[in-house]
Every structure is written in C-alpha cells, then in structure tokens.
Amino acid sequence: MSGSDDWTWSTLQATPRGLTAQELKIQCLWGEMREQFQANGFTDEGRLTAAITKKMKVPAEKVMLNPVFPEPFPQEWTD
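For the sequence shown, this note's numbering begins at 1159 and goes up steadily by one.
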C-alpha cells in the first residue's frame, strides 16, 4: 500500500530500543531450529539453547528471546 491508494496509517508504534544484530540472529535461529527440538508438543528449550550456543559460539546465558514491547507513537510527532 502507498499514499497513492488513499490509505494512511491510523496508529503508529515504536519500541524504545530495537534488537542488536546478535539478538536478531538468535531470534531467527530460534524460529528456524525450533521444530527440530519438539517433544510431546513442547519445545525442549535447553537443547535448542545449546544448539544455538554451539552454532553462534556465544555463552548460553546470551541465548534468550528478548521481549520487544511496541508503544504508541505520540501523535504530535507526526503532525
């Protein structure tokens, strides 16, 4: 969609901080590899974390899904 379609955003959201390159890579790997670590309908997070740790060569405590909480973008910033 574009402005030429007579369509405009009714709300905007942003986060105070985005993901670092490493955090984004971890998120992507988690999504890509998750299916390989399923047991009885649950993800074996310990084994998945270990696999990502090994693949990225980072400490296990760095392998986590960082929350991203979008917040309303102040309307006055868009006027």
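Using N, Cα and C, we set each Cβ at its ideal position, and we do this for glycine too.
- Three or more beta-carbon pairs separated by less than 8 Å link the region 1177–1186 to the region 1208–1227, which places the two stretches in contact.
- Under the DSSP definition of a beta bridge, Q1171 partners with P1230.
- Our two residues, F1200 and M1214, have alpha carbons roughly 23 Å apart in a direct line.
- A distance below 7 Å between beta-carbons, with the five flanking residues on each side excluded, links Q1171 to the following residues of its chain, in chain order: P1228, E1229, P1230 and F1231.
- Assignment of beta-bridge partners to Q1196 by DSSP yields T1201.
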